[in-house]
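K.L.:
If you read the sequence shown in the working numbering, its first letter stands for residue 1, the second for the next number, and so on. The beta-carbon is built from N, C-alpha and C at its ideal position, and this holds for glycine as well. One structure is given below, represented as structure tokens, and several questions about it will come after.
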Amino acid sequence: MLATPFAALAAGDSLSTAGGQGGSLGINDAIRAGESRRGTTLSTGPAGVLVARPEYAQYPVYVGTLGDKPVRMRVAPKSDTRDSLQGEYSIGDGKGVRLLSGEWENGNFLMEESDDGTRVSGNWDGQIDRNGAVRGTWTDPYDPAIVLPFFIRPFGGYLVIPPFDMAPNSGVTYAPPPPKSSISTGKSR
Numbered sequence: 001m002l003a004t005p006f007a008a009l010a011a012g013d014s015l016s017t018a019g020g021q022g023g024s025l026g027i028n029d030a031i032r033a034g035e036s037r038r039g040t041t042l043s044t045g046p047a048g049v050l051v052a053r054p055e056y057a058q059y060p061v062y063v064g065t066l067g068d069k070p071v072r073m074r075v076a077p078k079s080d081t082r083d084s085l086q087g088e089y090s091i092g093d094g095k096g097v098r099l100l101s102g103e104w105e106n107g108n109f110l111m112e113e114s115d116d117g118t119r120v121s122g123n124w125d126g127q128i129d130r131n132g133a134v135r136g137t138w139t140d141p142y143d144p145a146i147v148l149p150f151f152i153r154p155f156g157g158y159l160v161i162p163p164f165d166m167a168p169n170s171g172v173t174y175a176p177p178p179p180k181s182s183i184s185t186g187k188s189r
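Below you can see the structure in the form of structure tokens.
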């Protein structure tokens, strides 16, 4: 499902939950620990940060939290797939982004993120409420024991993720389709 690159967290950024040691669970530390147990090399961390994509700059915004960190998402419907979205999000200070690809059905919401454009670096699973807000959990794909709560809601007037119980003619304004890009979607670097 994921075809676009995601940005890694900047060095020192971490997400935390109340259940971690001393109240803090660093997402980069958790990924490093999981990759270490699997015998792979580190794929996230201070090596680099993906920059925001210009073609996503006009996408509608969702705001909320992941763990105890603020997140800001730019998402829009995919032009080629029904009930799906694509975009990017930043954590905290917004120094970099991670790419997003998701879908919804019958009030359920699933989304994958990638910090390098090729591998899944997080799974979002939640429920959509009557206002189009989504509440659920983020899970590390390499260590399913690492779970963070999330909450995102539409910001600025456009609703991309429709409310589950939305009635026809309810006055909900959907986001416009993403602009057609002249940029080739060939293999990412």
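Could you give the DSSP three-state label for Tyr56: helix, strand or coil?
P.N.:
helix
K.L.:
Is Gly136 closer than 8 Å to Asp125 when the C-beta atoms are compared?
P.N.:
Less than 8 Å divides the Cβ of Asp125 from the Cβ of Gly136.
K.L.:
Do you know how far the Cα of Arg98 is from the Cα of Leu25?
P.N.:
Because Leu25 carries a pLDDT of 47, less than 50, the predicted location of this residue cannot be relied on, and the following value inherits that uncertainty. The straight-line gap from Cα to Cα measures roughly 19 Å.
K.L.:
List the DSSP bridge partners of Asn123.
P.N.:
In DSSP, Asn123 forms a bridge with Glu112, Thr139.
K.L.:
For Glu105, which option in Gly157, Thr65, Asp129 has the closest C-alpha, if you only look at C-alpha atoms?
P.N.:
Asp129
K.L.:
Does the separation of the CB atoms of Gln86 and Val75 fall below 8 Å?
P.N.:
yes
K.L.:
Between Ile152 and Met73, is the Cβ-Cβ spacing less than 8 Å?
P.N.:
yes
K.L.:
In terms of DSSP beta bridges, what is Pro144 paired with?
P.N.:
BP columns for Pro144 are empty, so no partner.
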